[in-house]
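Asks: Take the sequence shown: its letter number 143 is residue 279 in the numbering used here, and every next letter is one higher.
A virtual CB, placed ideally from N, CA and C, is assigned to each residue, including glycine.
Encoded as structure tokens, here's the structure I'll be asking about.
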Amino acid sequence: MTEIEGDLDSLDTEGRLAAARDLDLLSVEQQVDLVIRENEVALAAVSEARAAIADVVDMITESLGRGGRLLYFGAGTPGRLGVLDAAEVYPTFSMSDRVLGVIAGGGDALSTSAEANEDDMSLGRDDVAGLDVGPNDVVVTISASGRTPYCRAVIAAAGAAGALTVAVVNNRSSPLAEIAEKAIELNTGPEVVSGSTRMKAGTAQKVVLNILSTLPMVRLGHTMGDLMVGLRVSNEKLARRAQRILVEATGVTPDEAAQTLKSAHNDVKVAVVMLLRSLSPDEARERLQSVDGHVGKAINP
Numbered sequence: 137m138t139e140i141e142g143d144l145d146s147l148d149t150e151g152r153l154a155a156a157r158d159l160d161l162l163s164v165e166q167q168v169d170l171v172i173r174e175n176e177v178a179l180a181a182v183s184e185a186r187a188a189i190a191d192v193v194d195m196i197t198e199s200l201g202r203g204g205r206l207l208y209f210g211a212g213t214p215g216r217l218g219v220l221d222a223a224e225v226y227p228t229f230s231m232s233d234r235v236l237g238v239i240a241g242g243g244d245a246l247s248t249s250a251e252a253n254e255d256d257m258s259l260g261r262d263d264v265a266g267l268d269v270g271p272n273d274v275v276v277t278i279s280a281s282g283r284t285p286y287c288r289a290v291i292a293a294a295g296a297a298g299a300l301t302v303a304v305v306n307n308r309s310s311p312l313a314e315i316a317e318k319a320i321e322l323n324t325g326p327e328v329v330s331g332s333t334r335m336k337a338g339t340a341q342k343v344v345l346n347i348l349s350t351l352p353m354v355r356l357g358h359t360m361g362d363l364m365v366g367l368r369v370s371n372e373k374l375a376r377r378a379q380r381i382l383v384e385a386t387g388v389t390p391d392e393a394a395q396t397l398k399s400a401h402n403d404v405k406v407a408v409v410m411l412l413r414s415l416s417p418d419e420a421r422e423r424l425q426s427v428d429g430h431v432g433k434a435i436n437p
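See below:
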């Protein structure tokens, strides 16, 4: 047995959960309850890591504020979660190409299992080079084991390029945590199905990614309170949502909201500034551009 294999065998996420030893003998209600309880463990693990998570939120906010990017890298389930989270940033905040997710093996690995890619360190280096990663970027690797070779190569290459590096892992004292500038350790423990880290380890990872992609946008003024004023209107459902947001944000009637959105070419931020500062669409747009799209600063200079 190699040292790496021994390390893998001793990981908490590879252990057996005592409560699940007789999983196949439980009633379906008991099985459901067990999975729910273990996902509560995942949320508790996120809560325990909140100080580290807050530090990373600050890092990302600063990076995005100076024109940098948030880049997720992972293999298998963690990679899919990163791509999923990044894909929602544009429709939610209209922030194009600033939050990206990369999965080892590319698009084919999103829908087809390709476990061998996680051991390919050259692939990790190539993926970093392909995105021209630099000092303004924050690179977040996601790995339940905390030892994935692909992610280790990503951190090494990104660090050498001057990027800030973060490791999101589900085991204590992992190799990735040691080489990254900041680690978010989510101690989720053994899975209901032993070793199936797509379960509560994945749940904890997704909660963290939600935080990392959302709170910097809030802090950079892409929401107004809890209102999604950065919304990109691309279908009828979102058009109705944009009207409701504008009514809530400004107190106008639904008809006034619809008319203003039309004048603003469905840009909710522009419409908000138009109504609250009594400006034309062009004036509102210029005001937003002068404060890097921060709607609060545009309204209250």
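Quick one: residues in its chain with C-beta nearer than 8 Å to the C-beta of LEU179, no 5 flanking neighbours on either side, listed in chain order?
Replies: As a position in the sequence shown, residue 179 is number 43, starting the count at 1. Result list for LEU179: THR339, ALA340 and VAL343, in chain order.
Asks: The beta strand (DSSP E) that contains GLY260, what's its start and end?
Replies: In the sequence shown, residue 260 corresponds to position 124, counting from 1. Not the beta strand (DSSP E): GLY260 falls in the alpha helix (DSSP H), residues 257 to 266.
Asks: Whose C-beta lies closer than 6 Å to the C-beta of THR213 among residues of the same chain, with five residues either side of it excluded?
Replies: On the sequence shown, residue 213 is found 77 positions in, with the first residue counted as 1. So the list reads ARG334 and GLY338, once near-sequence residues are dropped.
Asks: CB VAL269 to CB LEU207, shorter than 8 Å?
Replies: Working through the sequence shown from its first residue, we reach residue 269 at position 133. Working through the sequence shown from its first residue, we reach residue 207 at position 71. Result yes, Cβ atoms of VAL269 and LEU207 sit closer than 8 Å.
Asks: Have a look at the DSSP bridge pairing and note the partners of ARG205.
Replies: For this step, residue 205 is matched to residue 69 along the sequence shown. DSSP lists no partner for ARG205.
Asks: If we ignore side chains and look at the alpha-carbon of each, how far apart do SER399 and PRO417 end up?
Replies: Along the sequence shown, read from residue 1 onward, the residue named residue 399 stands at position 263. Along the sequence shown, read from residue 1 onward, the residue named residue 417 stands at position 281. Cα to Cα, the separation comes out at about 7 Å.
Asks: Using 8 Å as the threshold, is the C-beta distance between ILE196 and LEU348 below it?
Replies: Walking along the sequence shown from the start, residue 196 turns up at place 60. Walking along the sequence shown from the start, residue 348 turns up at place 212. Yes, they are a contact pair.
Asks: Could I get the ranges of all uninterrupted alpha helix (DSSP H) runs contained in the region 308 to 332, with 4 residues as the minimum, in chain order?
Replies: List check, alpha helix (DSSP H) in window: 311 to 315.
Asks: Let me know the secondary structure DSSP gives GLY215 once reduced to three states.
Replies: Here residue 215 corresponds to residue number 79 of the sequence shown, with the count starting at 1. Correct three-state label for GLY215: helix.
Asks: Between the Cα of LEU144 and those of ALA280, ASP403 and ILE315, spot the shortest distance and give me the residue it belongs to.
Replies: Taking the first residue of the sequence shown as 1, we reach residue 144 at position 8. Selected option, being the one with the closest Cα: ALA280.
Asks: Checking the sheet assignment: what are the DSSP bridge partners for ARG368?
Replies: Position 232 of the sequence shown holds residue 368. Note: ARG368 sits in a beta bridge opposite ASP403.
Asks: Output the distance between the C-alpha atoms of ASN306 and THR149, rounded to the nearest integer angstrom.
Replies: By one-based count along the sequence shown, residue 306 stands at place 170. By one-based count along the sequence shown, residue 149 stands at place 13. Distance between the alpha carbons of ASN306 and THR149: 7 Å.
Asks: Need the endpoints of the alpha helix (DSSP H) that ALA420 sits in, please.
Replies: Counting from 1 along the sequence shown, the entry for residue 420 is found at position 284. Counting along the chain, the alpha helix (DSSP H) containing ALA420 begins and ends at 417 to 426.
Asks: Quick one: residues in its chain with C-beta nearer than 6 Å to the C-beta of GLY218, no 5 flanking neighbours on either side, listed in chain order?
Replies: Taking the sequence shown and counting its residues from 1, the one referred to as residue 218 is at position 82. So the qualifying residues of the chain are TYR208, GLY210, GLY237 and ILE278.
Asks: Checking 8 Å against the spacing of the C-beta atoms, do VAL408 and VAL365 come in under that value?
Replies: The count along the sequence shown starts at 1 and reaches residue 408 at position 272. The count along the sequence shown starts at 1 and reaches residue 365 at position 229. Yes. Within cutoff.
Asks: Among residues of its own chain, excluding the 5 on either side of GLU139, which ones have a beta-carbon nearer than 8 Å to its beta-carbon?
Replies: Your numbering for residue 139 matches position 3 in the sequence shown. With a pLDDT of only 37 at GLU139, under 50, the local geometry of the prediction cannot be trusted, and no value is derived from it.
Asks: Pick out whichever of ASN436, GLU327 and VAL193 has its Cα sitting closest to the Cα of VAL302.
Replies: Along the sequence shown, one-based indexing puts residue 302 at 166. Out of ASN436, GLU327 and VAL193, VAL193 has the C-alpha closest to the C-alpha of VAL302.
Asks: What residue does the alpha helix (DSSP H) around LEU246 start on, and which one ends it?
Replies: Residue 246 sits at position 110 when you count from the first residue of the sequence shown. Note, LEU246: alpha helix (DSSP H), 244 to 247.
Asks: Assign ASP169 to one of two classes, buried (16 or more other C-beta atoms within 10 Å of its C-beta) or exposed (fewer than that).
Replies: Position 33 of the sequence shown holds residue 169. Per the 10 Å Cβ criterion, exposed.
Asks: For a quick check, are the C-beta atoms of VAL177 and GLY325 less than 8 Å apart?
Replies: Position 41 of the sequence shown, counting from 1, holds the residue named residue 177. Position 189 of the sequence shown, counting from 1, holds the residue named residue 325. Going by C-beta atoms, VAL177 is nearer than 8 Å to GLY325.
Asks: For the alpha helix (DSSP H) that contains VAL354, what are its first and last residues?
Replies: Here the question's residue 354 lines up with position 218 in the sequence shown. First-last of the alpha helix (DSSP H) with VAL354: 336 to 355.
Asks: Whose CA, out of ASP160, SER310, GLN379 and ALA420, lies closest to the CA of ARG283?
Replies: Along the sequence shown, one-based indexing puts residue 283 at 147. Of ASP160, SER310, GLN379 and ALA420, the residue nearest in Cα terms is SER310.
Asks: In angstroms, rounded to a whole number, what distance separates the CA positions of ARG261 and VAL290?
Replies: Here residue 261 refers to the residue found at position 125 when the sequence shown is read from its first residue. Here residue 290 refers to the residue found at position 154 when the sequence shown is read from its first residue. Looking at the two C-alpha atoms, the distance is approximately 6 Å.
Asks: Could you pull out every residue in the same chain whose Cβ sits closer than 6 Å to the Cβ of GLY204, ignoring the five residues on either side in sequence?
Replies: Locating residue 204 in the sequence shown gives position 68, counting from the first residue. For GLY204, where only same-chain residues beyond five positions count, the Cβ hits under 6 Å are ASN272 and ASP273.
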